[in-house]
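In my numbering, the protein residues as written are 413 to 601.
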């Protein structure tokens, strides 16, 4: 007898629980994510929804005429995502863990989607961009380490290699952003 597929709402609810557990390092966190191909697709839907929500909220929070265009921000985020995911695939290939790539990406997408939306709502109630940045860095770092450790099963050395190579992938993506959009002018004081 085949098991019924969860709805997107059920997957989302489960991913919220899994994200929290992943951030705090609970060993049961991977069981909250559906890491098959359907789950991967759902995680991309969640990621796209989070992009829309965060752009809408940032439009409410940011003063008019400040920052870059929505299209440019979307391209930049896509390039950064591609750089980080490509680097992750390289490390999983080098460590013989490519069979875990779908699970890694699924969890990474859900965590990014959920954390982005939560931080966007935090931005509505605080004026401190520094607080949001610090929270994003800490939560992102914990989630990435625990995704590698609990979902993929990486060792400490492999996790360090993953973080280093992801950083290199991000810098390459930032170079591509710089080539596409040129230097960003300094804000006037």
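Beta carbons: idealized from backbone N, C-alpha and C, even for Gly.
Predicted model only: the values in this text are computed from it and were never measured.
Element boundaries [alpha helix (DSSP H), containing residue i]
i, result
"residue 507", "Unbroken run through residue 507: none, as it is neither H nor E."
"residue 455", "449-473"
"residue 577", "568-593"
"residue 438", "Element bounds for residue 438: n/a, residue is neither H nor E."
"residue 445", "Unbroken run through residue 445: none, as it is neither H nor E."
"residue 536", "513-537"
"residue 548", "541-558"
Under 8 Å between C-beta atoms of residue i and residue j
i, j, result
"residue 568", "residue 515", "no"
"residue 558", "residue 520", "no"
"residue 522", "residue 431", "yes"
"residue 534", "residue 544", "yes"
"residue 509", "residue 449", "no"
"residue 433", "residue 441", "yes"
"residue 506", "residue 513", "no"
"residue 485", "residue 580", "no"
"residue 582", "residue 469", "no"
"residue 561", "residue 571", "yes"
Straight-line Cα distance separating residue j from residue i
i, j, result
"residue 538", "residue 472", "13 Å"
"residue 551", "residue 584", "23 Å"
"residue 491", "residue 589", "7 Å"
"residue 413", "residue 425", "Annotation note: pLDDT 45 at residue 413 (below 50); position unreliable, no value reported."
"residue 527", "residue 435", "10 Å"
"residue 446", "residue 439", "16 Å"
"residue 453", "residue 418", "13 Å"
"residue 612", "residue 587", "Since the first residue of the chain shown is 413 and the last is 601, residue 612 is not available in this structure."
"residue 575", "residue 536", "31 Å"
"residue 444", "residue 493", "23 Å"
"residue 502", "residue 416", "34 Å"
"residue 591", "residue 429", "40 Å"
Nearest neighbour of residue i, chosen from the options [CA to CA]
i, options, result
"residue 578", "453, 562, 556", "556"
"residue 594", "458, 488, 451", "488"
"residue 421", "436, 507, 451", "451"
"residue 667", "497, 524, 423, 518", "No answer is possible for residue 667: the residues shown for the chain start at 413 and end at 601."
"residue 459", "547, 546, 517, 553", "517"
"residue 461", "592, 532, 541", "532"
"residue 457", "591, 553, 554, 423", "423"
Cβ of residue i within 8 Å of any chain B Cβ
i, result
"residue 579", "The structure shown contains no chain B; it is built from a single protein chain."
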